[in-house]
Structures are given as structure tokens and as C-alpha cells.
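Heads up, the thing below is written out as C-alpha cells.
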Amino acid sequence: MKSILIPFEESKIVESVFASAVLTAQRFASYIEGVYVQPALPAIASADGFGVVTPAFVEKYEREDNARIRQAQEYFETFMQKHNIYGTRTDGKAYAVWQNVGPTDDYVGHRGRLFDLIVLGRPIHGATTPTMHTLEAALFESGRPILIAPPEAPTTIGETISIAWNGSTETARTIAFSKPFLAQAKKVVVVSISEAMVPGPSGADIARYLSHRGIDATVVDAAANGRNPGQAMLEESMAQGADLMVKGAYTNSRLRQMIFGGATNYILSNTEIPVFMSH
């Protein structure tokens with residue numbers, strides 16, 4: 005986890021996003037790059053009533069956007085300076101720099117391919133940011149894992165890790181990405197919810213796999229008992245004291261999860277602990 009990208013959006017939980025990135029960077033002596041995700045030009049009608057975005061409107065929007073960019077940069081720099089990691093350094097410790105502007109959500113997916121981890125905020129019900137568009141661009145277009153920050157800034161990440169194991173390819177891939185965290189954890193728990201399992205290895209099999217790599221893990225097998233599988237995963241993980249969950253994203257299709265619900269959607273909407281996720 006030597007390089008971390010923060011796609012910066014104005015939101016109520018930006019402090020948690022930055023704190024999650026800083027905790028991770030301090031653990032792995034990482035480089036952090038902040039990039040402002042520029043909102044799209046609003047598709048609204050101009051004052052003339054004909055639905056034409058006039059040059060005057062564009063100029064006003066650009067002025068306001070430039071002001072938002074300056075404010076975002078100042079916030080980023082102040083936060084990182086507070087944690088003594090802003091600016092390049094040669095002493096092998098974590099450091100952070102400001103990259104300026106990413107013009108679209110697609111930029112996040114493209115830029116993210118150059119990083120070991122992308123840190124984003126959990127979408128909040130009723131709020132326009134953080135956006136699912138940015139999260140999904142990072143998750144599906146970068147080929148890299150993402151770290152989802154909860155609403156409240158965490159004080160630790162990766163001391164106790166739960167692996168939400170369901171037997172899937174997606175979770176197996178996510179475990180491989182998360183090995184730097186797993187190798188440093190004080191406690192690792194493999195949590196399996198019986199109703200969420202797909203054909204594949206068991207939780208005990210995963211614990212054995214990890215033991216071959218010097219990672220001791222205990223196993224918790226539980227039933228959903230009427231809970232959404234994601235809710236069960238979260239509750240069982242938090243009962244173990246987890247400050248990080250490792251979870252594969254969208255074992256079932258996004259469309260199916262939107263219609264019927266699913267573990268990934270539930271966790272994205274409700275987690276109160278950081279989640280390390282990939283697809």
C-alpha cells in the first residue's frame with residue numbers, strides 16, 4: 005500500500021476519508037495524492053427559458069468551480085500539514101501532495117490504476133456526496149481495491165480485521181489485495197454467513213490458506229437469522245471488534261442487488277467501520 009489516491013469530493017464525511025487515508029499511509033509509509041473530483045456542468049436551462057447554457061452561465065459556473073477547487077486544496081493541505089505529512093520527503097515516511105483536478109468520474113478510474121489503494125467516502129442517504137458514481141468508477145474501472153471510509157473518522161484501521169468470506173472469486177481477489185493489512189493485523193477473523201455462501205471454499209479453508217502465509221485467523225460461522233446478509237456480516241464483524249472489513253464487491257450483479265438488495269449494497273449504505281473492497 006505504498007501509493008494512495010483520494011478522489012476528493014465536498015461532503016460531510018470528508019474528514020473521515022482523509023483520516024482513513026492518513027492512518028493507512030502512516031502504517032505503510034505511503035504516498036498520498038489528493039485529486040478534486042470536478043462536478044459536471046449542471047444540465048439546467050438558462051434564464052432565457054430555451055434550455056440553452058449561455059456563455060455567461062458557463063463563465064459564472066467556472067468562477068464558482070475555481071473557488072471550490074481552491075477551497076478543496078486548502079482543506080487538503082491543512083489536514084495533511086496537521087498530521088505532518090504534507091509535501092515530498094526523503095526520510096521514508098508517509099507524505100501527501102495535491103494533484104489538482106480530475107475533470108470527470110472516469111478520471112478517477114483511469115488515474116486509480118496507478119495506485120495501490122483508492123480511499124473514498126461511504127455514500128450517505130439523502131446527501132448528494134460522496135457519490136456512487138465516483139465509488140463505482142474506482143471500483144470497476146481502476147482494477148484496484150478501494151477503502152471505504154465510514155461517516156465517523158476512525159482512530160484505528162487494520163488492528164482487528166474481519167474477512168467477510170462467502171466463497172466467491174471477488175472475495176478471494178480482495179483477500180489477495182489486502183495481504184499488507186492482514187500481515188500487520190493483531191487479530192484476523194474469517195466471518196461466514198451461511199445464507200450468503202456461494203459454491204467455493206469454506207471459512208476454515210481460508211483460515212488454513214492464510215496460515216500458510218504466516219497469518220493466524222479464527223473462524224466465525226453464523227446464520228443470518230432473517231437479517232440481510234450484509235447486515236449479518238457487519239454485526240458479526242463488529243462483535244469481534246473489527247476496525248476493518250475485507251469484502252469482495254458484488255458477487256451478484258449490481259442490477260440484481262438494486263432490485264432485490266444484497267450484501268454489498270447494504271454494507272455500502274450502512275457500514276460504520278472502514279471496508280476494504282474490490283471486484
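In the numbering used here, the protein residues as written are 5 to 283.
Think of the CB as a built atom: it goes at the ideal place given N, C-alpha and C, for glycine as much as any other residue.
No experiment lies behind these values; they were computed from the predicted model shown.
Verify the CB distance criterion: does residue i have a CB-CB separation below 8 Å to chain D?
i: residue 166; result: Of the protein chains in this structure there is only one, and it is not chain D.
If you check the beta carbons only, do residue i and residue j fall under 8 Å apart?
i: residue 72; j: residue 14; result: yes
i: residue 148; j: residue 186; result: no
i: residue 142; j: residue 112; result: yes
i: residue 226; j: residue 197; result: yes
i: residue 154; j: residue 28; result: no
i: residue 195; j: residue 221; result: no
i: residue 39; j: residue 103; result: yes
i: residue 189; j: residue 161; result: no
i: residue 11; j: residue 151; result: no
i: residue 273; j: residue 127; result: yes
i: residue 167; j: residue 41; result: no
i: residue 96; j: residue 17; result: no
i: residue 94; j: residue 101; result: no
i: residue 211; j: residue 224; result: no
Near residue i, what residues of its chain come up, given a Cβ to Cβ distance below 6 Å and the 5 sequence neighbours on each side ignored?
i: residue 252; result: 172, 174, 175, 178
i: residue 157; result: 19, 20, 23
i: residue 9; result: 37, 116, 119, 122
i: residue 84; result: 90, 100
i: residue 228; result: 197, 199, 236
Once you ignore the five residues that flank residue i on each side, which residues in its own chain have a CB closer than 7 Å to its CB?
i: residue 146; result: 113, 116, 117, 122
i: residue 311; result: In the structure as shown, the chain begins at 5 and stops at 283. Residue 311 is therefore absent and cannot be evaluated.
i: residue 181; result: 149, 282
i: residue 6; result: 32, 34, 35, 120
i: residue 136; result: 127
i: residue 203; result: 171
i: residue 87; result: 26
i: residue 129; result: 273
i: residue 184; result: 5, 32
From the DSSP output, in three-state form, read off residue i for me.
i: residue 241; result: helix
i: residue 249; result: strand
i: residue 69; result: helix
i: residue 135; result: coil
i: residue 316; result: Not covered by the structure: residue 316. The range shown for the chain is 5 to 283.
i: residue 276; result: coil
i: residue 268; result: helix
i: residue 49; result: Residue confidence is low: residue 49 scores 43 on pLDDT, short of 50, so the model does not pin down where it sits. Its coordinate-derived value is still stated next. Coil.
In its own chain, which residues sit with a C-beta less than 8 Å from the C-beta of residue i, not counting the 5 before and 5 after it?
i: residue 216; result: none
i: residue 81; result: 90, 102
i: residue 110; result: 141, 145
Output the residue ranges of the alpha helix (DSSP H) runs that lie fully inside the stretch 73 to 132 and measure 4 residues or longer, sorted by chain position. Listed in chain order, the complete alpha helix (DSSP H) runs (minimum 4 residues) inside the stretch 73 to 132 are 109 to 115.
Whole beta strand (DSSP E) elements within the stretch 153 to 214, 3-residue minimum: 164 to 168, 191 to 197
Could you tell me which uninterrupted beta strand (DSSP E) segments, each at least 3 residues in length, are contained entirely in the stretch 7 to 47, listed from first to last along the chain? Secondary structure remark: continuous beta strand (DSSP E) runs of at least 3 residues inside the stretch 7 to 47, in chain order: 7 to 12, 35 to 41.
Just checking, does the stretch 240 to 251 make contact with the stretch 201 to 214 on the three C-beta pairs under 8 Å criterion? Result no; under three Cβ-Cβ pairs closer than 8 Å.
Between the stretch 232 to 239 and the stretch 266 to 273, do at least 3 Cβ pairs fall closer than 8 Å? yes
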